[in-house]
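Student:
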Ligand code: HEC
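Residue numbers (this note's numbering): -12 to 131.
1. Entirely within the region 78 to 108 and at least 4 residues each: give me those alpha helix (DSSP H) ranges in chain order.
2. Quick one: measure Cβ to Cβ for residue 65 and residue 81, integer angstroms, because I've assumed they're closer than 8 angstroms.
3. Assuming the contact rule is C-beta atoms closer than 8 angstroms, residue 113 and residue 26 should be a hit. Round their C-beta distance to whole Å, please.
4. Note down the Cα distance separating residue 107 from residue 53, rounded to an integer number of angstroms.
5. If you measure from the CB of residue 70, is any heavy atom of ligand 1 nearer than 7 angstroms?
6. Can you grab the Cα-Cα spacing for the pair residue 119 / residue 74, in whole Å?
7. Comparing the CB of residue 58 with every heavy atom of ligand 1, is any distance shorter than 7 angstroms?
8. Express the C-alpha separation of residue 61 and residue 77 in angstroms, rounding to a whole number.
9. From the DSSP output, in three-state form, read off residue 69 for me.
10. Taking 7 angstroms as the cut-off, is the CB of residue 54 close to at least one heavy atom of ligand 1?
11. So is residue 109 buried or exposed if we call it buried at 16+ other beta carbons inside 10 Å?
12. So what's residue 39 in DSSP terms, helix, strand or just coil?
13. Quick check on residue -1: does DSSP put it in helix, strand or coil?
14. Just the Cα atoms here: how many angstroms apart are residue 50 and residue 85?
15. With a threshold of 16 other CB atoms inside 10 Å of the CB of residue 95, please say whether the residue is buried or exposed.
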């Protein structure tokens, strides 16, 4: 119940403004950290290291293939990525490089959940999301 209240409260706050990307990304980190913390009080702060490990970790996609987030997004989220399925370019995920990321929070949350389901076969956990976005915020330079 507690978590639902948090979601409802933030949902209202966040749908009002479509604000600048980096601020939004930081808000999402804060929000997911709170949710993760109420589910597990041992989780107190996002881990950039764990976010990076998550991003590069290989997992089985629902189609049975092995892939990591990095397979399409490259091992640096500040880089332009390439979809391994369609070969199409993917604009950088890092909000400090791609200012179009995280502009519409409602859309980001929806897409993030859908994307996790597509790729991992399940939604990413709040702690994974907090760690991952915290990590994205640290990547500022494309490596190619
Ligand atoms: C098979 C290729 C592929 C893999 C693997 C992949 N992605 Fe993506 N990702 C995409 C595509 C395509 C898009 C949509 C294009 C865009 O937003 O620029 C995208 C978009 C995103 C977005 C932006 C969503 C938004 O609304 O702006 C995030 C965040 C993201 N991916 C995170 C991840 C994470 C985390 C993983 C690993 C669990 C992952 N991706 C694995 C292809 C992939």
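The beta carbon of each residue, even a glycine, is placed where N, CA and C say it ideally should be.
Predicted, not measured: the structure shown is a model, and the values here were computed from it.
Tutor: Considering the structure as presented:
1. 92 to 107
2. 4 angstroms
3. 7 angstroms
4. 10 angstroms
5. yes
6. 24 angstroms
7. yes
8. 10 angstroms
9. strand
10. yes
11. exposed
12. helix
13. With a pLDDT of only 41 at residue -1, under the threshold of 50, the placement of this residue in the model should not be trusted; the figure read from the coordinates follows. Correct three-state label for residue -1: helix.
14. 30 angstroms
15. buried
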